[in-house]
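Some notes on the structure that comes next.
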Amino acid sequence: MATTVDREVDLYGIGAGLREARLRRGLELADVERETCIRTANLEAIEDERFDLLPGDVYAAGFVRTYAEHLGLDAARYVERFRDLRAPEPEPFVHEAIRAVEPYGRRRIAALAAGALACVAAGIGLYLGLRPAHRTAPPAAAKAVRPPHAARPRPAAPAYPGPLTIRATGGDTWVSVRFGDAHGRVVWQGTLAQGSMGRFGLDRPLWVGLGRPEDVTARIGAKRIRLAPTRSRFVFSSRGVRRG
């Protein structure tokens, strides 16, 4: 099984391999969306390898893993290939610098360095010889002037007691919860079935990614939090919610 998957990834690529596996099983994209709770637009972007259309590489890697697992493929292999494709290549700054100084030779560089040090030493000696012998008295400390109208500190935003509650009200939805940001440690990840609920403590901020934010209601304690349906990533804390 693993050998077949490796050949699919190597020969067809990530998107083509997933599409080929889906067609062999006689599945439409709508069928996959219904089972995985990943939108058809995101599935199409994966199959076309237009990963820039997905909401971030961490989020996209979760989609690739869920899609591959649904098709019975080696999900770890697909995620590894995705990360290899998205990893930026380092720029050879060090190699270019070495190549630039090589024509001068080591002796030429040593001579230039010695001359520079000699110039610096001569400058220091000249400065010490011309500096006056007497010392001037330090200027008197300026008195602090208090502004007539000191700015008043702004009151802190009210804190809502936790926990964070996420409930699937409009249908099944894919949910990923991490500590801090999209690169933090995974707290929980999976499909939240309609009518079910997840509860998470807010002793530290939580990054939450939602497959279908319009089908979710969120609360911090008893406070209902409004989620923009056009966004899919949020950061929740005891102070409220912001865009993730």
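Under our numbering, the final residue of the sequence shown carries the number 1132; numbering is consecutive throughout.
In this text, a Cβ means the ideal position worked out from N, Cα and C, and glycines have one as well.
- Going by DSSP, I926 is part of no alpha helix (DSSP H) at all; its letter is neither H nor E.
- In the structure shown, G903 adopts helical secondary structure according to DSSP, grouped into three states.
- It is roughly 20 Å from the alpha-carbon of N930 to the alpha-carbon of R912.
- A straight-line Cα-Cα distance of about 15 Å links G944 and R927.
- Taking C-beta atoms as the reference points, A949 and V920 fail to come closer than 9 Å.
- Apart from sequence neighbours up to five positions away, the residues of its chain that approach A956 with a beta-carbon distance below 6 Å are A963 and Y966, ordered along the chain.
- Shortest Cα-Cα distance from F1067 to any of R1055, D1091, G1083 and T1061 involves D1091.
- In the DSSP assignment, L1052 falls within the beta strand (DSSP E) that extends over L1052 to A1056.
- In the assembly as shown, D936 is an exposed residue. Its beta-carbon has fewer than 16 other beta-carbons within 10 Å.
- Under the three-pair Cβ rule at 8 Å, the region 1098-1111 counts as touching the region 1051-1063.
- Around the beta carbon of D1060, 16 or more other beta carbons lie within 10 angstroms, which makes this residue buried.
- Here the alpha carbon of L961 sits roughly 34 Å from the alpha carbon of L1052.
- Residue pairing by DSSP puts F1088 in a beta bridge opposite L1052.
- Assignment of beta-bridge partners to V1129 by DSSP yields F1124.
- Our two residues, L1094 and G905, have alpha carbons roughly 34 Å apart in a direct line.
- In this structure, the alpha-carbon of G1089 lies about 42 Å from that of G914.
- Under a 10 Å Cβ-count criterion, R938 is classified as exposed, with fewer than 16 other Cβ atoms of the shown protein chains found around its own Cβ.
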